[in-house]
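For reference, the structure is listed below as structure tokens.
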Amino acid sequence: MGTLAPNSIAAEAHDRNQDQVVDGNHAKVGQDDDEQQNQLDAGAKFVLKSKGSWVHCGYHLTTSIVAPPLLSLPYAFTFLGWTGGIICLVIGALVTFYSYNLISLVLEHYAQLGHRQLRFRDMARDILGPKWGRYFVGPIQFMVCYGAVVACTLLGGQCMKAVYMLTNPNGSMKLYEFVIIFGCFMLILAQIPSFHSLRHINLVSMILCLAYSVCATAACIYIGNSSKGPPKDYSLKGNTENQIFGIFNANAIIATTYGNGIIPEIQATLAAPVKGKMFKGLCVCYTIVTMTFFSVAISGYWAFGNQSEGLILSNFLSDGNPLDPLVPKWFIFMTNIFTIFQLSAVGVVYLQPTNEVLERAFADPTRKEFSARNVIPRVISRSLSVITATTVAAMLPFFGDINAVIGAFGFMPLDFILPVVFFNLTFKPSKRSLVFWLNTTIAVVFSVMGVLAAIAAVRQISLDASSYKLFANV
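In this note's numbering, the protein residues as written are 3 to 476.
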């Protein structure tokens, strides 16, 4: 055996010192995390438990983004055409993947400084100031997430009604009755205590979104190749004014489909250290986004052209007649069942920010999570939250129009504008750098698009207002 050279000995000693420093830093971070955990309010302590892995993060992200609204993408293409539709779909994927990574980097930065931010409003408070978190980001996020719960409840009821009409075309049950049934199912799932507790449900949800996307794509290809489908017409409908507003509406639909609004809360479920885990989760999520969004959008628009309905499943019935399906009834039944179960998971995920606020207001962080002192207020407050959402969904079956406004005012700032602003203010990239100008361009362009999309959504509400009716059976 030879002897080690002095340089080797020095290098080895240096490595040992570096390992000790790293271990010391990890220990310090661990102590800081324990300290912060002890100081958490009830909402963060009980709902946003930091116990998950990057795989669990991938499940949560996929459920929050890859949801049944992707079945409306062929409808968005009717306003944009082939070229515009594919370009907007690609831009939406690239910008949101980039923006969500920027939020993750900002959250990792603060975590390494020993101050882990668990909520969107925490980020706004620390980076923009306390008033921004309390009066702007907090209310917008609550409106977006609770609006998503209402939308999921309504869509779940509509899918249930579709299944019912297939099996009983002359049935007398109304839409609001199915909304209430779906709301009862949500009422049970809402009692699951923490975001982390949803990881197994969200794994099933991820499988379900793949299942109904495959079913929808297969049905579109089948109908498009058969003589049963409508003649393929890809021209843009309406006069110039309607086409322009249609473009804005389509962009709002695509932005809402890619929207998330709860990236900080999802990252909060990760066990420390969080570095690099969110990126892995996003890679899992966007692999499924690419597979589902593009396959459904392209196959649906190819099969039905400008006749694509707001929900592509409606196109599987000839003129909406349940007695004349274009694919076997059992296939439509199966696709709707997959959609219904995934909607329940999506609704519960978007209920988490509301649960966190309720827990913070009514629970006692010094008592055990499952003590009577905390369980009773939790069950009552969450039940009232779901009952309210179900009532709104049943009363306002035209909520899709309202949700477009919420999407324009909510998803645009939360997912496209604030992430790049947070990054620029936190890391202060040089004004001569590509990153600074890319982020600034994204913020400006999507601010303008958000305003235009909001105007188009309000215009659509005014056009449809004459047909609005409480508890309408649509």
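For every residue, glycine included, the Cβ atom is placed at its ideal position computed from N, Cα and C. Since the structure is predicted, the reported quantities are computational estimates derived from the model, not experimental observations.
Quick check on this structure: which residue in the options has the alpha carbon closest to the alpha carbon of residue i?
{"i": "Leu210", "options": "Thr65, Leu360, Arg127", "result": "Thr65"}
{"i": "Lys53", "options": "Asp403, Ala270, Phe424, Gly86", "result": "Ala270"}
{"i": "Asp235", "options": "Ser196, Trp84, Ile265, Ala69", "result": "Trp84"}
{"i": "Ala299", "options": "Ile67, Ala44, Leu73, His58", "result": "Leu73"}
{"i": "Val57", "options": "Met336, Ser101, Met280", "result": "Met280"}
{"i": "Met336", "options": "Asp366, Leu272, Leu168", "result": "Leu168"}
{"i": "Cys147", "options": "Ser174, Phe122, Gly312", "result": "Phe122"}
{"i": "Arg380", "options": "Asp366, Thr392, Leu200, Thr390", "result": "Asp366"}
{"i": "Pro324", "options": "Phe306, Asn172, Ser301", "result": "Asn172"}
{"i": "Ser494", "options": "Val181, His202, Lys163", "result": "Not covered by the structure: residue 494. The range shown for the chain is 3 to 476."}
{"i": "Ser346", "options": "Ile89, Lys133, Leu115, Gly159", "result": "Gly159"}
{"i": "Leu427", "options": "Lys47, Leu50, Ala126", "result": "Ala126"}
{"i": "Ala69", "options": "Gly87, Gly307, Phe295", "result": "Phe295"}
{"i": "Ala396", "options": "Ile246, Val447, Glu179, Ile404", "result": "Glu179"}
{"i": "Val165", "options": "Ala273, Asn338, Leu272", "result": "Asn338"}
{"i": "Leu272", "options": "Ser101, Thr443, Glu110, Ile89", "result": "Glu110"}
Count the other C-beta atoms from every protein chain shown that fall within 10 angstroms of the C-beta of residue i, then say buried if there are 16 or more, exposed otherwise.
{"i": "Arg369", "result": "exposed"}
{"i": "Asp124", "result": "buried"}
{"i": "Asn227", "result": "exposed"}
{"i": "Cys59", "result": "buried"}
{"i": "Pro71", "result": "buried"}
{"i": "Gly248", "result": "buried"}
{"i": "Arg384", "result": "buried"}
{"i": "Phe197", "result": "buried"}
{"i": "Leu416", "result": "buried"}
{"i": "Ile497", "result": "In the structure as shown, the chain starts at 3 and stops at 476, and residue 497 therefore has no counterpart that could be examined."}
{"i": "Ala467", "result": "exposed"}
{"i": "Asn170", "result": "exposed"}
{"i": "Asp25", "result": "Note on Asp25: pLDDT 45, under 50, position unreliable in the model; no value is reported."}
{"i": "Gly116", "result": "exposed"}
{"i": "Val450", "result": "exposed"}
{"i": "Thr155", "result": "buried"}
Beta-carbon separation of residue i and residue j under 9 Å?
{"i": "Ser310", "j": "Pro141", "result": "no"}
{"i": "Leu63", "j": "Val286", "result": "yes"}
{"i": "Leu353", "j": "Ala192", "result": "yes"}
{"i": "Phe429", "j": "Val108", "result": "yes"}
{"i": "Gly45", "j": "Glu243", "result": "no"}
{"i": "Gly412", "j": "Gly149", "result": "yes"}
{"i": "Leu238", "j": "Phe425", "result": "no"}
{"i": "Ala458", "j": "Asn251", "result": "yes"}
{"i": "Ala391", "j": "Thr258", "result": "no"}
{"i": "Leu177", "j": "Ala474", "result": "yes"}
{"i": "Leu315", "j": "Gly231", "result": "no"}
{"i": "Phe333", "j": "Ala213", "result": "no"}
{"i": "Gly409", "j": "Gly185", "result": "no"}
{"i": "Pro355", "j": "Ile264", "result": "yes"}
{"i": "Asn103", "j": "Leu284", "result": "yes"}
{"i": "Pro275", "j": "Ala95", "result": "no"}
{"i": "Ile290", "j": "Met208", "result": "yes"}
{"i": "Phe448", "j": "Val97", "result": "yes"}
{"i": "Leu130", "j": "Pro266", "result": "no"}
{"i": "Pro195", "j": "Val49", "result": "yes"}
{"i": "Val206", "j": "Phe99", "result": "no"}
{"i": "Ser301", "j": "Ile223", "result": "yes"}
{"i": "Gly86", "j": "Tyr303", "result": "no"}
Considering only DSSP beta bridges, list what residue i is partnered with.
{"i": "Leu319", "result": "Pro327"}
{"i": "Leu205", "result": "Answer by DSSP bridge pairing: none, since Leu205 is not bridged."}
{"i": "Gly135", "result": "In DSSP, Gly135 forms no bridge with anything."}
{"i": "Gly86", "result": "Per DSSP, none; premise fails for Gly86."}
{"i": "Gly54", "result": "Leu272"}
Could you tell me the alpha carbon to alpha carbon distance between residue i and residue j, rounded to whole angstroms?
{"i": "Ser215", "j": "Arg375", "result": "43 Å"}
{"i": "Gly32", "j": "Arg118", "result": "Low confidence applies to Gly32: its pLDDT is 46, below 50, so where it sits in the model is not reliable enough to give any reading."}
{"i": "Pro455", "j": "Phe318", "result": "The question names Pro, but residue 455 is Ala in the sequence shown. Taking the straight line joining both Cα atoms gives about 29 Å."}
{"i": "Pro399", "j": "Leu472", "result": "8 Å"}
{"i": "Ile67", "j": "Ile255", "result": "13 Å"}
{"i": "Gln462", "j": "Asn241", "result": "15 Å"}
{"i": "Pro421", "j": "Ser469", "result": "38 Å"}
{"i": "Asp2", "j": "Phe187", "result": "Shown here, the chain extends from 3 to 476; a query on residue 2 therefore has no answer."}
{"i": "Ser199", "j": "Lys277", "result": "22 Å"}
{"i": "Leu313", "j": "Gln143", "result": "25 Å"}
{"i": "Phe372", "j": "Lys47", "result": "13 Å"}
{"i": "Thr341", "j": "Lys433", "result": "46 Å"}
{"i": "Ile203", "j": "Ser435", "result": "43 Å"}
{"i": "Ser106", "j": "Phe418", "result": "14 Å"}
{"i": "Leu91", "j": "Phe364", "result": "42 Å"}
{"i": "Ala305", "j": "Phe79", "result": "12 Å"}
{"i": "Asn27", "j": "Tyr61", "result": "Model confidence at Asn27 stands at a pLDDT of 45, short of 50, so the residue's coordinates are unreliable; what they give is reported in the following sentence. Going by the C-alpha atoms only, they are around 30 Å apart."}
{"i": "Lys282", "j": "Val460", "result": "38 Å"}
{"i": "Asn9", "j": "Pro431", "result": "Any reading at Asn9 needs caution, since the residue's pLDDT is 41, under 50, leaving its predicted position unreliable; the model's value is listed next. In a straight line, the C-alpha of Asn9 is about 38 Å away from that of Pro431."}
{"i": "Val388", "j": "Pro233", "result": "43 Å"}
{"i": "Thr219", "j": "Met145", "result": "32 Å"}
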